[in-house]
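A.B. asks: Numbering (my numbering), first residue to last: -6 to 260.
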Ligand code: NAP
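1) Cα separation between residue 236 and residue 179?
2) Could you compute how far the alpha carbon of residue 181 sits from the alpha carbon of residue 188?
3) Tell me whether residue 152 sits in a helix, a strand or coil according to DSSP, three-state version.
4) Checking the sheet assignment: what are the DSSP bridge partners for residue 65?
5) Measuring alpha carbon to alpha carbon, tell me which of 220, 160, 246 ends up nearest residue 193.
6) Confirm the yes/no value for this check: CB of residue 7, any heavy atom of the ligand NAP, distance under 7 Å.
7) What would DSSP say about residue 221, mapped onto helix, strand or coil?
8) Kindly examine the ligand NAP and report whether one of its heavy atoms sits closer than 7 Å to the Cβ of residue 237.
9) Taking the alpha carbon of residue 68 as the reference point, which residue from 29, 48, 44, 61 has its own alpha carbon closest?
10) For residue 164 and chain C, any beta-carbon pair shorter than 8 Å?
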């Protein structure tokens, strides 16, 4: 039976790609969208990638209660995405969240809610399967190369920094590396921020430029050698295989997972 889906953020760049992917998949059925600007209109009136007349709501609660979706997909901004996801889980609607920038406290709150309500939720800082592998390979490498810095590059419309992918990469590296102060013990910055942000000694540098989509290099340094693990997303379609996997897998879950690696076959 097809999975009935509600999507928030249908006019966005990710939302537009997601509509194409969902409406082209015979196992998925897009039944409504949430968009603050187009209440009462239908999707074909506001987004040229969709020819079907799918209802649009500006109120997530009304949408969830009237449409009763199997899965809710959020591709908006952190503040709104958090509110939507909390509401979905409160109503026992499974959620797949691509929106980045949730705080640790927000993820913990959603995790508790998902567990209490036995409702599946996947928060994926990066849906690109290559990026998930980059993070896993970084975790493996950090065991042998504890000196590491991250350079992440995104388009200049991104509001949060560092990226959710960089934060998730650090979280995974931390699982195989003890905290370590890197660089010269007496290093100092002439220009504030030159050495980037820092978590447990890992430096992270965020670049924002037009022309970029989503790119990350994890650079490991050691005696006379460098190991660089690099991933590039050149177009938002790179995220759609992971979103599809997330929708198919969230149906089987009764708790929240953070990161697609938990539902990928990695044996
Ligand atoms: P985008 O093109 O700017 O789209 C954002 C969408 O959110 C728009 O439809 C926008 O509608 C809506 N929105 C913004 N503020 C809102 C508000 N206050 N209330 C309701 N809706 C609001 O961004 P994007 O590139 O599609 O990215 C969307 C999200 O996905 C971001 O959080 C981004 O970081 C994340 N992302 C995740 C992945 C992943 O793999 N997990 C990959 C790429 C991006 P308006 O026009 O009304 O503002």
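C-beta atoms are modelled at their ideal positions from N, C-alpha and C, and glycine is treated no differently. Owing to the predicted nature of the structure, the values given are computational and were not obtained by experimental measurement.
C.D. replies: According to the structure shown:
1) Taking the straight line joining both Cα atoms gives about 45 Å.
2) Near 9 Å, if we compare the C-alpha coordinates of residue 188 and residue 181.
3) Residue state for residue 152 is assigned as coil, using DSSP reduced to three classes.
4) Residue 65 pairs with -1, 88.
5) Answer by Cα proximity: 160.
6) For residue 7, the distance from the CB to the nearest heavy atom of the ligand NAP is below 7 Å.
7) Note: residue 221 maps to strand in three-state DSSP.
8) Taking the Cβ of residue 237 as the reference point, every heavy atom of the ligand NAP lies at 7 Å or farther away.
9) Comparing Cα positions, the closest option is 29.
10) Although the question refers to chain C, the structure presented lacks it and comprises just one protein chain.
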